[in-house]
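Okay, so here's the structure we're looking at.
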Amino acid sequence: MKKLTLLINIVAYGTMAFLYLPLMAVAFFSVNNTKYGLAWKGFTLDWYLALFQNEVILTAAWNTLILAVISTLVSTVLGTALAIGLDRFPWPRKMNTTFDLVLHLPVIIPDIILAAALVVVFSFLRTFSGLFEPGLFTMIIGHITFQIAFVALVVRSRLVSIGKEVEEAARDLYATTPYLLRRVTLPLLMPGIIAGAMLAFTLSLDDFVISFFTAGPDSITLPLYIFAAVRRVVTPQIHALSTLVLFATIALVIVMERLSQKINKKNVLMEIDN
Amino acid sequence: MTTQGMGLHLQGIHKTYGKTAAVNNISIEIRSGEFFTLLGPSGCGKTTLLRMIAGMELQDSGRIILDGRDITRLPAIKRQINTVFQSYALFPHLNIFENIAFGLRSRKLPENEINQRVAQSMDMLELGNMKNRFPHQLSGGQNQRVALARALINEPKVLLLDEPMSALDAKLRAQVQVELRRLQQKLHQTFILVTHDQDEALVVSDRVAVMREGQIIQFGTPEQVYDAPKNKFVAEFLGAANLIPGRFENGLFHTDIGSFVLSKPPAWNQGLVAIRPEWITVSETQPAQNGIRAKVSEIIYRGTSRDLWFEPGRIRVRSSTYKHFSIGDEAWLEFAPSELVVLDE
């Protein structure tokens, strides 16, 4: 028994080390006062300062943010509308499996396939309009394409959990469709919408494959920059950048966790209420 | 308009799901100001019928006429009908005031009228100073009153109640039934209640329709339905009944436990007769007619009464006025002809 506990402990700590040691090493080298080598040469924030003076990196960061914010806003609106349309419209029952498939497909399909498909579609569309030249615009469309499904899935599960009866009650109390949406459906959906948007945002932030295939020369994002830079040489600047991205991600995860806790609390209260 | 045309008239309402008829060609006239109950086991189509009246479901055929006006094709938001839902369906993100005010706000009534009417309605339903609380902070009984207030504040021509007491415990339910009946009599509004609880139906209703498999089996005042059940289903669904099979020959009803005089001859030669346990008289001496000698086989104590099971025939008797019996005691049971109800099937 004791042996087993020991084994479990070793496996658990080993896994933790495997997952987090590389990340800690990156953070370690980002404040190490040397360009090469593994030895500790003293603490410095020079690499971070250099980072903030690097035009290319700042542009990449700005692009990443613009891309993530716009694609998240659009996909959240579209995904929410899609979820409401799928769940609340009285579709025939056999359509449900079709919808499930259509919704899950973008989630399970390999990014590379979707990216390749986007390249084909954009090159076709380019014959009609210069708008589809590789660049931020095509990247935004590409990101929205896969984000919609994630948002719709999260929002739809929320729709299922709030049920239809409350909306029926609102209709029974003379609510027109816009009033019903504004006063009842959307406020009750809000936790799901926020969770879906956060998910879409983080997916966009660290997306590489779709961005790589749809980006133009002026629309480098951070993942693309890091990839290109690492292929030449890993500089401490990259470590500094990676560390910042890491902390930004951790902050996002914490916010999401807080939000979902709040949602769960609300759900529990709603269940008591029922 | 004459009062003849007032009320809610359902004409040939029919609704099928797949191949089964959930509501099978139902026609009823519900009078204005009456407390009407649709009573039946789950799956009998009573809730579907209610949802069609509310406008939340569309019937395949048939017409709905409210106070002389055809509302068959009107959506829920255009019908002057409001509903109290089974789980109340209160808006969890709105406080009690906003929950109750919802129907008034939907119709964009002026703010001061909303304030005044919500205050009145909270007063009427004894919701006191709950207006800033949220549904999850209230008890089941309080939430039920909020649901009632939220529907009644719109002054509907018909109030629909979909099993509104199923979430309450037995004691509270009994109390709320009486309160609901009083409220309805005070307001003199048409209430339509859906329930599977026969006690509830008997307590609150002016008239009851007993439903089964999409059809109305029997229809009348609670007394009519309880005292003269039409068939085996109604006799057993409402209260307890002794069902005695037998043949009708030469003016007498012949059964395994004896021959009885009936108050009116049945339409069949072979069939069932029912008698309620509390209508059987137990005595020491032989009655003039319709008496059988029986032996106590089981006693069930029920607080206000005792149920005695007699052999032969497993006859159940309920009374509080006889002397104490013990198992094995013999007595005369009298089945008065007026209490023997001839069933249709």
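In order, the protein sequence lines correspond to chains X and C. Residue 87 in this note's numbering sits at position 87 of the first sequence, with consecutive numbering throughout. If you want this note's numbering, it's the 1-based position in the second sequence plus 1000. Heads up, the beta-carbon is just placed ideally off N, CA and C, and yes, glycines get one too. Bear in mind the structure is a predicted one, so any value in this text is a computation, not a measurement.
The beta carbon of proline 1245 of chain C is closer than 6 Å to those of Leu1272 in its chain, skipping five residues each way along the sequence. Beta-carbon to beta-carbon, valine 1158 of chain C and leucine 1008 of chain C are separated by about 6 Å, close enough to satisfy the 8 Å threshold. Closest in alpha carbon position to phenylalanine 1335 of chain C, among C:Glu1278, C:Lys1078, C:Ile1299 and C:Ser1121, is C:Glu1278.
Proximity of the stretch 1261-1269 of chain C to the stretch 1229-1240 of chain C falls short of the contact definition, fewer than three beta-carbon pairs being nearer than 8 Å. Nearest to serine 1259 of chain C by C-alpha distance, out of C:Ala1274, C:Phe1325, C:Ile1292 and C:Ala1288, is C:Ile1292. Contact between the stretch 1191-1210 of chain C and the stretch 1116-1127 of chain C is absent: fewer than 3 CB-CB pairs across the two stretches fall below 8 Å. A straight-line Cα-Cα distance of about 57 Å links valine 1146 of chain C and leucine 21 of chain X.
Counting only Cβ-Cβ distances below 7 Å, leucine 159 of chain X has no contacts in chain C at all, with the closest Cβ about 15 Å away. Its Cα nearest to that of leucine 1039 of chain C, the residue C:Arg1207 stands out among C:Arg1207, C:Trp1332 and C:Ile1013. Chain X places no beta carbon closer than 8 Å to that of methionine 1122 of chain C, leaving this residue out of the contacts. Taking 8 Å as the cut-off, the beta carbon of threonine 1037 of chain C is found closer than this to the beta carbon of leucine 1193 of chain C. Across the stretch 1074-1090 of chain C, CB contacts with chain X closer than 9 Å involve Pro1075, Ala1076, Ile1077, Lys1078, Arg1079, Ile1081, Asn1082, Thr1083, Phe1085, Gln1086, Ser1087, Tyr1088, Ala1089 and Leu1090, in sequence order along the chain. If you draw a 10 Å sphere on the C-beta of histidine 1254 of chain C, you find fewer than 16 other C-beta atoms in it, and that means exposed. Following the DSSP letters along the chain, one finds glycine 79 of chain X inside the alpha helix (DSSP H) bounded by residues 55-88.
Within chain C, the residues placing a beta-carbon under 8 Å from that of alanine 175 of chain X are Ile1077, Phe1102 and Ser1106, ordered along the chain. Within the stretch 185-211 of chain X, those residues whose Cβ lies closer than 7 Å to any Cβ of chain C are, in chain order, Pro187 and Leu188. Look at the beta carbons and you see the stretch 1077-1090 of chain C touching the stretch 1147-1167 of chain C: at least three pairs across the two are nearer than 8 Å. When rounded, the separation of the alpha-carbon atoms in methionine 139 of chain X and glutamine 1086 of chain C is 49 Å.
Uninterrupted beta strand (DSSP E) stretches at least 3 residues long and entirely within the stretch 1237-1287 of chain C occur at 1242-1249, 1252-1255, 1258-1260, 1270-1275 and 1281-1283, given in chain order. Sixteen is the threshold: when 16 or more other Cβ atoms of the shown chains lie within 10 Å of the Cβ of tryptophan 47 of chain X, as they do, the residue is buried.
Here glutamate 168 of chain X carries a helix assignment [DSSP, helix/strand/coil]. Distance check between phenylalanine 208 of chain X and each of X:His143, X:Ala251 and X:Leu173 places X:His143 closest, using alpha-carbon atoms only.
Within chain C, the residues whose beta carbon sits less than 7 Å from that of valine 166 of chain X are Ala1089 and Phe1091, listed in sequence order. For asparagine 1154 of chain C, the nearest CB of chain X lies under 8 Å from its own CB, placing it at the interface with that chain.
Residue-level contact by beta carbon fails for tyrosine 36 of chain X and chain C, as no gap is shorter than 8 Å. Per DSSP, reduced to three states, the secondary structure at glutamate 1034 of chain C is coil, with no helix or strand assignment.
For aspartate 100 of chain X, not one C-beta of chain C is nearer than 8 Å to its own C-beta.
DSSP places glutamate 1311 of chain C inside the beta strand (DSSP E), whose first and last residues are 1306-1311.
In the structure shown, arginine 1207 of chain C adopts extended strand secondary structure according to DSSP, grouped into three states. Per DSSP, reduced to three states, the secondary structure at asparagine 1082 of chain C is strand.
By the beta-carbon neighbour count (other beta carbons within 10 angstroms, threshold 16), phenylalanine 43 of chain X is exposed.
Secondary structure note for lysine 1171 of chain C: its alpha helix (DSSP H) is the uninterrupted segment 1170-1187. In the structure shown, glutamate 1029 of chain C falls within a strand segment according to DSSP collapsed to helix, strand and coil. DSSP, read as helix, strand or coil, puts glycine 130 of chain X in helix. At least one beta carbon of chain C lies nearer than 8 Å to the beta carbon of alanine 170 of chain X. Taking a Cβ-Cβ cut-off of 7 Å, the neighbours of alanine 1054 of chain C in chain X comprise Asp172, given in sequence order.
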